[in-house]
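Notes follow once the structure below has been shown.
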Amino acid sequence: MNGLVSQVSALNGTSNKRIALVTGGNKGIGFEICRLLGNPQNNILVILGARDKQRGNEACKKLEQQGIEVVFRELEVSDITSVKNCAAWVQDTFGHLDILVNNAGIFYKTGPLSKEVARHTMDVNFYGTLYCCQYFIPLLREGGRVVNMSSRMALFARLSPALFKKFTKQDLNISELCELMESFIRSVEKGRVKEDGWFRHSYGVSKVGVVCLTRILARDERRPDILINCCCPGFVRTDMTAPNAEKTPEEGADTPVWLALLPKGGPTGKFFGERKELDIRVNFPAPRLQLSKM
């Protein structure tokens, strides 16, 4: 089944199912997250979000052939209107969400660090995650789970002491965090990345933002029932990395899926890798890695 047939089936049979939205779900780690979450034993219907309609529908067909109940929805996370429209569709179609996995991302592997690269990377990786959290978290039922994709390339330890202090202060808020992200882009534009205390990788800085955003959202006392965490999937063989990476996409999906299925009373506001909490003070060894976008 596909297209309208899939959506009709979803509407007719989801009253007792959990609903999961996975962004960037058409390939790589995102596809495997959809497949693992959609295992019939989990009783979850998966909404596969992706910006490319053709690839998204093709991915859904592959999943359906494996017995996964899945619905495609076009979603460009860096476009706030697209996110709003998708949230309205979820509300109208299902009435709620149970799981949000913010997997969509972009990684520039080559070329100089420019304002355009920094802006695009930040718009997709950081602001895309922020927009999805802002519009989809209100749809989460009691006991909801949020998983944000970060990376060990979130090199907090390579920030200047002054920047490290700003990013890790206990009462950091979203407005302040967004201003820090914008200050990085300004430093890139002025050619003062090192002088201003940053490390030279827009992807890594965007993922620092994701870790901090996760911590901020998890502090929200209005929804203590929701567990919000982020993770590094590891060095995975996908279009975003390299063919010689050490992990398969299925292995990379393990920790995000584990976090999405955490039992009541599990951790929140934490950064994980291989199901273990990571210490942001550690200077993680990061692989050195054309443009790729999920």
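So the sequence shown is numbered by UniProt numbering: it starts at 1 and just counts up by one.
C-beta: ideal position from N, C-alpha, C; glycine also.
Opening and closing residue of the beta strand (DSSP E) in which residue i lies
i	result
Ile228	227-232
Ala20	18-23
Leu140	140-149
Residue of the options minimising C-alpha distance to residue i
i	options	result
Ser151	Glu64, Asn103, Ile80	Asn103
Asn26	Gln66, Ala50, Arg18	Ala50
Ala162	Glu64, Arg55, Leu180, Ile174	Leu180
Thr168	Leu140, Gly191, Cys212	Cys212
Gly209	Leu172, Ala253, Pro249, Pro224	Leu172
Ser187	Glu176, Arg200, Glu277, Leu177	Arg200
Trp258	Gly30, Val147, Val236, Gln91	Val147
Asp52	Pro40, Lys61, Glu74	Glu74
Ala118	Arg145, Tyr203, Lys109, Asp196	Tyr203
Arg145	Gln65, Gln66, Ala260, Asp220	Ala260
Lys190	Leu159, Glu116, Pro224	Glu116
Ile185	Val205, Met149, Glu274	Val205
Asn42	Lys165, Gln65, Leu278, Leu262	Leu262
Gly30	Arg275, Gly252, Glu277, Ser82	Gly252
Ser160	Leu130, Lys194, Leu177	Lys194
Thr23	His120, Lys276, Met149, Arg237	Met149
Cys178	Leu130, Trp89, Gln170, Glu58	Leu130
Thr93	Arg223, Ile19, Glu176	Ile19
Beta-bridge partners of residue i, as assigned by DSSP
i	result
Ile185	DSSP output for Ile185 lists no bridge partner at all.
Lys276	Gly273
Arg200	Paired residue(s): none; Arg200 is not in a bridge.
Leu45	Ile19
Val210	According to DSSP, which records beta bridges pairwise, Val210 is partnered with nothing at all.
Val236	Lys247
Residue range of the unbroken alpha helix (DSSP H) whose run includes residue i
i	result
Glu251	249-252
Glu32	28-37
residue 365	The structure shown does not extend to residue 365, since the chain is modelled only from 1 through 294, so no value can be given for it.
Under 7 Å between C-beta atoms of residue i and residue j
i	j	result
Cys132	Val77	yes
Ile68	Gly38	yes
Leu97	Leu140	yes
Gly28	Pro249	yes
Met122	Lys207	no
Leu45	Lys17	yes
Ile47	Leu21	yes
Phe72	Cys60	yes
Gly143	Asp225	yes
Cys230	Thr255	no
Gly269	Ala218	yes
Leu113	Phe136	no
Asn125	Gly111	no
Ile216	Ile174	yes
Gly197	Leu227	no
Phe235	Glu246	yes
Unbroken stretches of the beta strand (DSSP E), 3 residues or longer, contained in the region 49-128: Complete beta strand (DSSP E) runs here, min 3: 70-74, 97-102, 106-108.
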